[in-house]
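Worksheet for the structure shown next.
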Amino acid sequence: MGRLEIAFGRLRLERPGMVASGIMDETGDSMVRMIRSGAGAVVTKSIGLAPRPGHKNPTFTEVEGGYVNAMGLPNPGIDLFAEEMAVAIRAGPVIGSVFGSNAKEFAELAAKMEDYGASAVELNLSCPHAEGYGAEIGSDPKNVRSIVSAVSSSVDVPVWAKLTPNTSSISELGRAAEDGGAEAVVAINTLKAIVISAELRKPVLSNRFGGLSGPAIKPVGIRAVYDLRGALSIPVVGVGGISDWRDAAEYILAGASAFQVGSAVGTKGPKVFGDINRGLEMFMSDHGYGSIAEMVGVARE
Amino acid sequence: MGRLEIAFGRLRLERPGMVASGIMDETGDSMVRMIRSGAGAVVTKSIGLAPRPGHKNPTFTEVEGGYVNAMGLPNPGIDLFAEEMAVAIRAGPVIGSVFGSNAKEFAELAAKMEDYGASAVELNLSCPHAEGYGAEIGSDPKNVRSIVSAVSSSVDVPVWAKLTPNTSSISELGRAAEDGGAEAVVAINTLKAIVISAELRKPVLSNRFGGLSGPAIKPVGIRAVYDLRGALSIPVVGVGGISDWRDAAEYILAGASAFQVGSAVGTKGPKVFGDINRGLEMFMSDHGYGSIAEMVGVARE
Amino acid sequence: MRVSETVRIIGKMKESKDTYTLEFKWDVPAVPGQFVMVWAPGVDEVPMSLSRVGKIKAITVKGVGEASNAIHGMQVGGYVRLRGPYGNGFDIKKGRKVLAVAGGVGAAALMPAIKETGCDTIIGARSAGEIVLDDVARKYSKNVWISTDDGSRGFHGNAVQLAKEKMSEKDYDLIIGCGPEVMLYYLHKACKENGVDCQLSLERLMKCGAGVCGCCMIDDKRVCKDGPVFSSEELDLLSDFGTRKRDECGRIVELR
Amino acid sequence: MRVSETVRIIGKMKESKDTYTLEFKWDVPAVPGQFVMVWAPGVDEVPMSLSRVGKIKAITVKGVGEASNAIHGMQVGGYVRLRGPYGNGFDIKKGRKVLAVAGGVGAAALMPAIKETGCDTIIGARSAGEIVLDDVARKYSKNVWISTDDGSRGFHGNAVQLAKEKMSEKDYDLIIGCGPEVMLYYLHKACKENGVDCQLSLERLMKCGAGVCGCCMIDDKRVCKDGPVFSSEELDLLSDFGTRKRDECGRIVELR
Ligand SMILES: Cc1cc2nc3c(=O)[nH]c(=O)nc-3n(C[C@H](O)[C@H](O)[C@H](O)COP(=O)(O)OP(=O)(O)OC[C@H]3O[C@@H](n4cnc5c(N)ncnc54)[C@H](O)[C@@H]3O)c2cc1C
Ligand SMILES: Cc1cc2nc3c(=O)[nH]c(=O)nc-3n(C[C@H](O)[C@H](O)[C@H](O)COP(=O)(O)OP(=O)(O)OC[C@H]3O[C@@H](n4cnc5c(N)ncnc54)[C@H](O)[C@@H]3O)c2cc1C
Ligand SMILES: Cc1cc2nc3c(=O)[nH]c(=O)nc-3n(C[C@H](O)[C@H](O)[C@H](O)COP(=O)(O)O)c2cc1C
Ligand SMILES: Cc1cc2nc3c(=O)[nH]c(=O)nc-3n(C[C@H](O)[C@H](O)[C@H](O)COP(=O)(O)O)c2cc1C
Ligand code: FES
Ligand code: FES
Chain A
1 MGRLEIAFGR LRLERPGMVA SGIMDETGDS MVRMIRSGAG AVVTKSIGLA
51 PRPGHKNPTF TEVEGGYVNA MGLPNPGIDL FAEEMAVAIR AGPVIGSVFG
101 SNAKEFAELA AKMEDYGASA VELNLSCPHA EGYGAEIGSD PKNVRSIVSA
151 VSSSVDVPVW AKLTPNTSSI SELGRAAEDG GAEAVVAINT LKAIVISAEL
201 RKPVLSNRFG GLSGPAIKPV GIRAVYDLRG ALSIPVVGVG GISDWRDAAE
251 YILAGASAFQ VGSAVGTKGP KVFGDINRGL EMFMSDHGYG SIAEMVGVAR
301 E
Chain U
1 MGRLEIAFGR LRLERPGMVA SGIMDETGDS MVRMIRSGAG AVVTKSIGLA
51 PRPGHKNPTF TEVEGGYVNA MGLPNPGIDL FAEEMAVAIR AGPVIGSVFG
101 SNAKEFAELA AKMEDYGASA VELNLSCPHA EGYGAEIGSD PKNVRSIVSA
151 VSSSVDVPVW AKLTPNTSSI SELGRAAEDG GAEAVVAINT LKAIVISAEL
201 RKPVLSNRFG GLSGPAIKPV GIRAVYDLRG ALSIPVVGVG GISDWRDAAE
251 YILAGASAFQ VGSAVGTKGP KVFGDINRGL EMFMSDHGYG SIAEMVGVAR
301 E
Chain V
1 MRVSETVRII GKMKESKDTY TLEFKWDVPA VPGQFVMVWA PGVDEVPMSL
51 SRVGKIKAIT VKGVGEASNA IHGMQVGGYV RLRGPYGNGF DIKKGRKVLA
101 VAGGVGAAAL MPAIKETGCD TIIGARSAGE IVLDDVARKY SKNVWISTDD
151 GSRGFHGNAV QLAKEKMSEK DYDLIIGCGP EVMLYYLHKA CKENGVDCQL
201 SLERLMKCGA GVCGCCMIDD KRVCKDGPVF SSEELDLLSD FGTRKRDECG
251 RIVELR
Chain X
1 MRVSETVRII GKMKESKDTY TLEFKWDVPA VPGQFVMVWA PGVDEVPMSL
51 SRVGKIKAIT VKGVGEASNA IHGMQVGGYV RLRGPYGNGF DIKKGRKVLA
101 VAGGVGAAAL MPAIKETGCD TIIGARSAGE IVLDDVARKY SKNVWISTDD
151 GSRGFHGNAV QLAKEKMSEK DYDLIIGCGP EVMLYYLHKA CKENGVDCQL
201 SLERLMKCGA GVCGCCMIDD KRVCKDGPVF SSEELDLLSD FGTRKRDECG
251 RIVELR
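Protein chains in written order, with my numbering: chain A, 1 to 301; chain U, 1 to 301; chain V, 1 to 256; chain X, 1 to 256.
Dropping the structure here:
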């Protein structure tokens, strides 16, 4: 077993870093590229029942320390996505991310992802900019629990719940997911945000609201992971502002059993995975960690 | 009336930018300096009933795009603070920030601030790192309402409620403040955050948890102001990541009737106020705004 | 890195009945072949190549729909918000004898490279009225040849046919090109047949422009970040080139 | 700007029975007189002057309490997290003939300036065992004079008395100083009496170090950012200098 290998729940990955949902993971070929670049798995773009164009441009802008986006969950729909999955899973483990407006939709989508060969499904209960989806339903622990539990009882693969940080207690959402049967929680999705142009007197994004990602949110994500690790017994997957091995190590030490990288794929390119893998291995050997598992949550002690 | 003058509620300020609470505003002399540097008013460090040393160092660290701090509300106590206020109010308007653990404490503190000559009181319902204070009580709309209403009925000066962004709906907290009789809300305080040292395997701050401020949180603060302006009829004071005139203009266009500057006092120095004033005046004359009031909320139309 | 800026429009020129150039003072580094995302408030945001890359930058926009026409409505003195510059740009130090081949408004993307190299230029279009930026090219190129499908000006035929002729006449090391994808597809083929290296600037639907969202994929390459300029060898490996693109939903759309 | 870094300790030297120097490779810009915040995990974080400011940096720490003793426990090969460098530092280009006057471990703050200017140096302490860094000073200064309160080494008396003598003997343009505030208070007075310019490095309780929290105020100046080095004219205006400081709560504490 390589030093970077991880196993949690029923999943085993050769490397601990995954591509976060929504980042170069809408097509089969792009997912293959991410795995070849060193990602341990790829989480797909969040997929819904029907094809959806997403919001009109502008859907994205840079800000200090990160990005604000409101893509609006564009996706080809779960049926067409079969082709992309068929290409991707030949290269490595794929986590199917799905979004729906109710438990039934989530269950239906997850079942298809399972059919397509997904190693796990990630429920997007946290997108902050799509009406009737994501955080709009994922901010209420009751919904989180009922959706996770509906999905858990209809698929065999592990079910992960991706949580929103736009709440007064992410631990409460995590407990709801655990109670519903989630095998892991993923934190965090983007922070609710808005960008205004002073000269043009308007919010820049067509949807007005969007979500903040990137280095700016790293301390918020680390806190979420730290809190969740203390509140739950299921594993936590950390995401938010990771762009080098040190960021990844910090998340792991805070309690993440694995991590995901989003925005840094833009700033550093897909090679960010290889760089993180090499850096983590060096850090581990310098500090005498034999496995990622040994590092998980060490900063909590 | 100068172009930068603002009037809201019963308050009139010659310049729209104030020093945010906790930033070079614990002593009389430092508050005088901030006003002389171009701040329209200074909000005091949050003051409690008894002297309090705050958390042990480390209480502060830089991160990408900002700071994370857990000062822990150090302050000399409301009685000794009389001397500092006496010095400060000779230089200009001072807003007295106070924190307590219940409505009675808040009311007592506010009454003293009024005696000291504060132009308004700002209730800290949002500090994210002091047990039993701040966001711990300010995350629940019922508490917000009852504290604001207790204070409002015991002082004559305007009562402002400073709100936490660590919530699923800041508008709900704002409505509670308005219902309680607040004359303005102030948003945002810092985001819950944690910083870990990979090599030293520990959270850096002695309190472990802290609050993220600075440019990193600007899009989150602007969204909070935008939401609050849409939900409330009382004025909103914007704070979070403002470090130049453009940031200030964006907050105002999003719906802020005035703004506060915190972290940028560190990065740019007290002269940040003069720079912002000059920049805003130029922007206003370029774009044909005769007053700050004309700009408020324009990006919402 | 501040990659978005609101700048003032300092010049506006009509290039043809449906094409305008807008100029702005915008002092950020940019290389020939890069593009920006241009916001038409309330309407859309679209990618536009930089047709000038110095301290004064420009875009040259053909009116084809809502966004481009909204950009045409912008006036000197007004503000426009730009993101970028994005993309890799042309690698023009490599080629010694360069020929630029433009289809229609594709000329915009080539202008900075033409200016920098003084290379020969072919600009093709359906008819004379659609030829743009030939006046600019003429300032920098020794030879500027025009082709029109209807023969209303210059060579009667398309730009690729003309390029083939010139390739056999002259000894070019590198062809740079921008225009409709079918044209580029045949241009690539022609270059291979003539053993001439090429770098072609492609288009795909763009949202982030920054290599994050993955909506602009051509095979496993992001047109916004790994491109928009691809080398001959890269093009060889792109099975989508000239055949398939993706719509807003990420669905495959056949090009032919 | 990355202003915090975890670095490895590459050297540790005993300077006296209660004072150690720690060295680390830390390639960030720093000027003489700047300081860093040094974390003793689980214990505290305290300000320490840089006693070396090149690519290899150092701090020289006197053990006086919990934090300083925890720092003494750090070993070569171990890691330490530093924030900074912070503060303004000495403006030593101004003065031509400089005399450095140190009280005890205050010598640490002066070492980089002594190295840069090769100026004369006075190091004072209560007794011989408490004199530190005189060996380092001797490498760079033509004259290094020692004073001890008990006369156990060098001049019998305090550093300010010795400095007065030297000021009248030699023609100094600038005195730079660091040490206990009472000493600095009298040093400032002596400089004024002798008409010599001075720059003195002060201490106050520090939390952020970055000019944000306001806990280190001396009158309306932040010692961490506007200081720690203040000029003679600035000192003239500081009514707190030598008389008052603030405790953790922000309460006034009389110094005398
Ligand atoms: C890298 C790049 C550089 C470009 N440079 C130029 C240029 O210099 N001058 C110029 O006139 N045009 C350029 N274009 C094309 C330009 O972006 C589109 O013509 C324009 O967006 C049309 O938008 P519309 O709303 O006016 O028309 P619509 O009617 O909305 O669209 C017409 C067609 O334009 C394309 N399009 C629309 N939106 C986008 C988008 N977000 N991304 C990519 N394609 C889109 C689609 O193929 C669509 O069918 C460039 C495109 C790319 C990808
Ligand atoms: C700008 C500056 C530079 C300094 N440079 C050096 C140096 O090079 N070498 C050296 O040995 N010492 C230096 N000091 C002093 C050093 O920071 C304190 O002596 C040390 O913090 C004592 O901490 P302790 O926990 O060991 O002792 P404690 O018993 O906790 O404190 C002893 C005394 O140290 C002071 N102190 C404690 N914490 C702080 C703090 N956060 N900020 C300021 N003062 C504090 C207080 O006056 C306290 O009474 C410097 C201080 C400042 C402000
Ligand atoms: C352009 C973009 C698109 C995204 N799309 C999705 C999505 O479809 N589903 C989802 O769960 N998260 C989505 N996210 C959120 C990311 O998966 C991730 O949680 C977030 O960006 C924080 O990580 P980062 O700071 O590494 O980017 C998206 C983020 C970005 C920037
Ligand atoms: C060091 C520091 C201390 C602070 N202390 C307080 C405080 O006592 N009371 C309070 O309401 N907010 C406090 N804040 C929050 C600020 O007032 C402000 O809401 C926040 O920093 C966001 O603004 P900024 O990004 O401009 O710094 C503090 C912030 C910092 C950085
Ligand atoms: S447009 Fe988003 S990756 Fe290219
Ligand atoms: S230590 Fe915070 S302002 Fe000086």
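Beta carbons are placed, not taken as given, at the ideal position from N, Cα and C, and that holds for glycine. Being a predicted model, the structure only gives us computed values, none of them experimental.
The beta-carbon of A/T167 is placed less than 8 Å from the nearest beta-carbon of chain U. The closest heavy atom of ligand 5 lies 7 Å or more from the beta carbon of A/G54. Remark: the C-beta of U/V239 is in contact range of ligand 4, defined as less than 7 Å to any heavy atom. Within the stretch 213 to 288 of chain U, complete beta strand (DSSP E) segments of at least 3 residues are found at 236 to 239 and 256 to 261, given in chain order. One Cα belongs to A/G138, the other to U/L228, and the distance between them is close to 22 Å.
With its beta carbon less than 8 Å from one in chain V, A/M71 belongs to the interface. Beta-bridge partners assigned by DSSP to X/A58: X/E23 and X/R52. Ranked by Cα distance from X/V101, the first of X/K225, X/F230 and X/L200 is X/L200. In the three-state scheme derived from DSSP, where H, G and I count as helix and E and B as strand, A/G210 is classed as strand.
A/A248 places its beta carbon less than 8 Å from that of A/G17. For chain A, the residues of the stretch 270 to 285 of chain U that bring a beta carbon within less than 9 Å of one of its beta carbons are F283, in chain order. Between the beta-carbon of V/A30 and that of V/V53 there is about 4 Å, and that keeps the pair under the 8 Å contact cut. For U/K56, there is no enclosing alpha helix (DSSP H), as DSSP marks it with neither H nor E.
One thing to note: V/T6 has its Cβ within 8 Å of the Cβ of V/Y79. Screening all residues for a C-beta within a distance smaller than 7 Å of any heavy atom in ligand 5 leaves A/M24, V/M206, V/K207, V/C208, V/G209, V/A210, V/G211, V/V212, V/C213, V/G214, V/C215, V/C216, V/R222, V/V223, V/C224 and V/K225, in chain order. Going by DSSP, X/L174 is part of no alpha helix (DSSP H) but of the beta strand (DSSP E) stretching over L174 to C178. Between the stretch 229 to 240 of chain X and the stretch 186 to 199 of chain X there are three or more C-beta pairs closer than 8 Å, enough to call the two in contact. Within chain A, the residues placing a beta-carbon under 8 Å from that of V/M217 are M24, E26, T27, D29 and S30, ordered along the chain. In this structure, A/P215 places its C-beta atom within 8 Å of the C-beta atom of U/E64. Linking V/G89 to A/A70 through their CA atoms gives a straight-line distance of about 27 Å.
C-alpha of A/G132 to C-alpha of A/H55: approximately 14 Å in a straight line.
Between the beta-carbon of V/G151 and that of V/A125 there is about 12 Å, and that puts the pair past the 8 Å contact cut. Runs of the beta strand (DSSP E) spanning 3 or more residues and lying entirely within the stretch 140 to 170 of chain A occur at 159 to 162, in chain order.
Looking only at V/I252, V/Y140 and V/G157, the smallest Cα-Cα distance to V/L205 is reached by V/I252.
Taking non-hydrogen atoms of ligand 3 into account, the C-beta of A/N189 is found less than 7 Å away from one of them. Using beta-carbon distances, A/Y67 counts as an interface residue toward chain V, with a partner under 8 Å.
Annotation: V/T60 has no Cβ neighbours in chain A at a cutoff of 7 Å; minimum Cβ distance is about 20 Å. Any Cβ of chain X closer than 8 Å to the Cβ of U/F60 would place that residue at the interface, and such an atom is present. Close CB contacts of A/A107 within its chain, under the 6 Å cut and outside five residues either way in sequence, are with A150, V151 and S154 (chain order). Residues of chain U whose Cβ lies closer than 8 Å to the Cβ of A/R246 are, in chain order, A198. Under the three-state reduction of DSSP, A/K192 is assigned to strand. The beta carbon of X/K221 is closer than 6 Å to none in its chain, skipping five residues each way along the sequence. Under DSSP, X/V160 shares a beta bridge with no residue. Taking all protein chains in view, the Cβ of A/N57 is crowded by 16 or more other Cβ atoms within 10 Å, so the residue is classified as buried. Considered as a whole, the stretch 75 to 105 of chain A harbours 81 to 88 as its complete alpha helix (DSSP H) runs of no fewer than 4 residues, in chain order. With fewer than 16 other beta carbons inside 10 angstroms of its own, U/S233 counts as exposed.
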